[in-house]
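Chemist: Those letters in the sequence shown? Residues -27 to -1, 1 to 484, per mature numbering (1 follows the signal peptide of the UniProt record, and there is no 0), in order.
The structure that follows is given in the form of structure tokens.
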Amino acid sequence: MRRSLFVSALGLTTSISLLLATRRAAAFALPAIPLFHSSRGWTSVIPVRDQSATARAYKSSRKGGQYSVREDQEDRTSTRPRARETEVEPAARIQRDYPHVVLRAGKARLFLEGNPLVYGEAVHEVVGHVADGDFVEVVDHRGNLIGKGCYNSQSMYRVRLLWHAREKGEALYASSLEDIVARRVSTAWTTRQALGLPNAETTCFRLVNGEGDKLSGLAADVFDKVCVVSSSSLWCERHKDFIIQGLEASLGPAGISTVWRRSEARLKQDGFVDPEEALRPAIDVKAEARKEGAYVWAKEAGLKYKVYPELGQKTGFYCDQRQNRQMIQSLSRGKRVLDLFCYTGGFALNAARGGAREAIGVDSSALAIETAMENARANDLEGHVTFCKSDVLVYARDLGKTGEKAFDIVIADPPKLAPTRRDLPRALHKYLKINRAVFRMVASGGLVLTHTCSAALTQDPEEFRKMVTQAAHDVGRSITILQVSHAAPCHVQSPVYGESNYLTAMLVAVF
């Protein structure tokens, strides 16, 4: 009896031990890994859902048993909310016979969240033959597709991502660069129409705004029936035809043609050099401006502006100041208004239209001043606004010598003084000089609208505020900040790439 019970107990214990051993073995067993054929032979790709112990064991087997604990920890130690790789579409996990850029371990999160610029230090390796400007896939260190974009070994931006794998419902058009560009332009056009642009009162606006429209390195402004493209990246030059085709597909039905311009300084930073550029003769801007067809007329908030698509600064006109110009119009009735760095007269003309007692615009460009005077005539504002060709600081100095009565509103919109963060210390010195001059010219109780279009300073709003405050203090004035604004809504911004925000406008009351 006892022996029988002992044997039964022993059998039960053995069964339990076998069951536990089987479960332990199952817990550590690798699941069947699907095989895919490529130019390198049959390779296995692990499903994203098995990226814990299974992925580590699989990685170890591929690397000859060399598994880096640090690589795995880099993905785990951050407490910042992150995009989960499991959210990538299943189709994006299949390795293809396609040139691709592999990111370093722990670097994928930023780009999964939508950041469009892959810096060189985030890249582990480039697989396949890839030339500058080529369309490539970007994958994380496990082979999961992050996105697609254009490669550039000469740029600090090694890949400009134009499509992200997390974009739901867009996989169908992600197969080629041509499809992506066409879809991006179409979406940009739809977005501007949602803003009510163009309309009877405004026929100039930003159509494509770089990273905001998921086309990094590309900008395009519409002026009535002409779209002026500003190319600032190598991929745009390499794939110019695709871009023009995409623009014409959306704008063609509206009868809008395209003009291509280059941002030479930014293209040089991006590694693009046109060997023929140095051979081209210098352009006589004034002579070119007088040629038939050199300009178009466009409207902004009811005011007409003469725009030179191929000769003017940037794309020919600054559409980013639309809201700020309308604000000045609403504040100018009965006031003396001074518009410094006026270009073709945008703020001064709006002040005159708003009933300013006196409006003066100052700029150092002869063509800009000539165009501003033509704009005044076209809007029946001749006699209500005056334009002066002068260096702004020289004008301010001479004005101080005359002891002329101060202005009620002064606007200062200087050019970009800090192209990069490295230029910021020198630029701040120039901004201080300009704003000291501005605060000397405004009456007590008056208003100053001062600007920076340097992204390096806009990205540091505290530094800009300190500079403006110091400039006022240096000349014995005190200020109150009334409003801080940025570019017009047509200059759409990426929610995950704030670095594309470049313009800051600060309205202050001065005492």
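In this text, a Cβ means the ideal position worked out from N, Cα and C, and glycines have one as well.
Everything numeric in this text was worked out from a predicted model, so none of it was measured.
Name the residue from 194, 184 and 185 whose alpha carbon lies nearest to the alpha carbon of residue 178.
Modeler: Among 194, 184 and 185, the Cα nearest to that of residue 178 belongs to 194.
Chemist: In the structure shown, what three-state DSSP assignment does residue 245 receive?
Modeler: If DSSP states are grouped into helix, strand and coil, residue 245 belongs with coil.
Chemist: Return yes when the Cβ of residue 341 is within less than 8 Å of the Cβ of residue 424, no when it is not.
Modeler: Cβ distance not < 8 Å, so residue 424 and residue 341 don't count as in contact.
Chemist: In whole angstroms, what separates the C-alpha of residue 458 from that of residue 103?
Modeler: Rounded to whole angstroms, residue 458 to residue 103 spans 42 Å at the Cα level.
Chemist: Which residues mark the beginning and the end of the beta strand (DSSP E) in which residue 227 is found?
Modeler: Neither: residue 227 is in no beta strand (DSSP E) and is coded neither H nor E.
Chemist: With a threshold of 8 Å on Cβ separation, who are the neighbours of residue 200 within its own chain once the five nearest residues in sequence on each side are excluded?
Modeler: If we look at residue 200 and ignore the five residues flanking it on each side, its Cβ neighbours are 180, 193, 194, 220, 224, 229, 230, 231 and 232.
Chemist: Give me whichever residues DSSP pairs with residue 272 in a beta bridge.
Modeler: According to DSSP, which records beta bridges pairwise, residue 272 is partnered with 277.
Chemist: Is DSSP giving residue 256 helix, strand or coil here?
Modeler: Coil.
Chemist: Would you list, in sequence order, the uninterrupted beta strand (DSSP E) runs of no fewer than 3 residues that lie entirely inside the stretch 333 to 381?
Modeler: 359 to 362, all fully within the stretch 333 to 381.
Chemist: Let me check one thing: in DSSP terms, what residues is residue 182 bridge-paired to?
Modeler: Answer by DSSP bridge pairing, in chain order: 192.
Chemist: What's the C-alpha gap between residue 444 and residue 434?
Modeler: In a straight line, the C-alpha of residue 444 is about 15 Å away from that of residue 434.
Chemist: For residue 292, name the three-state secondary structure that DSSP assigns.
Modeler: Residue 292: helix per DSSP, three-state reduction.
Chemist: Put residue 513 into one of helix, strand or coil per three-state DSSP.
Modeler: Only positions -27 to 484 of the chain appear in the structure, and residue 513 is not among them; the question remains open.
Chemist: Just to confirm the assignment, what range does the beta strand (DSSP E) spanning residue 151 have?
Modeler: Taken as a continuous stretch (DSSP letters only), residue 151 belongs to no beta strand (DSSP E), being part of the alpha helix (DSSP H) at 150 to 167.
Chemist: Between the beta-carbon of residue 91 and the beta-carbon of residue 154, is there less than 8 Å?
Modeler: Against a cut-off of 8 Å, the Cβ pair of residue 154 and residue 91 comes out as no contact.
Chemist: Tell me, to the nearest whole angstrom, how far the beta carbon of residue 140 is from that of residue 469; I am working on the premise that it is less than 8 Å.
Modeler: Residue 140 to residue 469, Cβ: 12 Å. No contact.
Chemist: If contact is defined by three or more beta carbon pairs under 8 Å, each pair taking one atom from either stretch, is the stretch 377 to 397 in contact with the stretch 294 to 308?
Modeler: Yes, they touch.
Chemist: With a cut-off of 8 Å on the beta carbons, I'd call residue 284 and residue 271 a contact; round off their distance for me.
Modeler: So it is not a contact: roughly 15 Å between Cβ atoms.
Chemist: Does the separation of the CB atoms of residue 75 and residue 137 fall below 8 Å?
Modeler: Not a contact, by the Cβ cut-off of 8 Å.
Chemist: Exposed or buried, residue 557, counting other C-beta atoms within 10 Å across all chains shown (16 or more means buried)?
Modeler: This structure gives no information on residue 557, because the portion of the chain shown stretches from -27 to 484.
Chemist: Count Cβ pairs between the stretch 163 to 171 and the stretch 254 to 265 that sit closer than 8 Å; are there 3 or more?
Modeler: Touching, no.
Chemist: Strictly by DSSP, which residues pair up with residue 309?
Modeler: DSSP output for residue 309 lists 331 as bridge partner(s).
Chemist: Starting from residue 469, trace the alpha helix (DSSP H) in both directions and tell me its first and last residue.
Modeler: Segment: none, residue 469 is in no alpha helix (DSSP H) and carries neither H nor E.
Chemist: By a C-beta neighbour count over all protein chains shown, 10 Å radius and 16 as the cutoff for buried, is residue 471 buried or exposed?
Modeler: Exposed.
Chemist: Whole angstroms is fine: what's the gap from residue 260's alpha carbon to residue 352's?
Modeler: The straight-line gap from Cα to Cα measures roughly 25 Å.
Chemist: The alpha helix (DSSP H) with residue 122 in it runs from where to where?
Modeler: No alpha helix (DSSP H) holds residue 122; the beta strand (DSSP E) holding it covers 118 to 124.
Chemist: According to the Cβ coordinates, are residue 274 and residue 305 closer than 8 Å?
Modeler: No. Outside cutoff.
Chemist: Who are the near neighbours of residue 474 in its chain, counting only those whose CB is closer than 8 Å to its CB and skipping five residues on each side?
Modeler: Same-chain partners within the cutoff: 428, 431, 432, 459, 460 and 466.
Chemist: Pull up the distance between the alpha-carbon of residue 117 and that of residue 82, whole angstroms please.
Modeler: About 12 Å.
Chemist: Distance, Cα to Cα, residue 422 vs residue 481?
Modeler: About 7 Å.
Chemist: Pull up the distance between the alpha-carbon of residue 476 and that of residue 190, whole angstroms please.
Modeler: Distance between the alpha carbons of residue 476 and residue 190 is about 17 Å.
Chemist: Taking residue 360 as the reference, give the member of 452, 315 and 97 with the closest Cα.
Modeler: Answer by Cα proximity: 315.
Chemist: Could you pull out every residue in the same chain whose Cβ sits closer than 7 Å to the Cβ of residue 436, ignoring the five residues on either side in sequence?
Modeler: Taken in chain order, the residues that qualify are 430.
Chemist: Please report whether the beta-carbon of residue 398 lies at a distance below 8 Å from any beta-carbon of chain B.
Modeler: Absent from the structure is chain B; it holds one protein chain and no more.
Chemist: With DSSP run on the structure shown, which of helix, strand or coil describes residue 215?
Modeler: Correct three-state label for residue 215: helix.
Chemist: Mind checking whether residue 247 and residue 205 have CB atoms under 8 Å apart?
Modeler: Contact flag unset, no.
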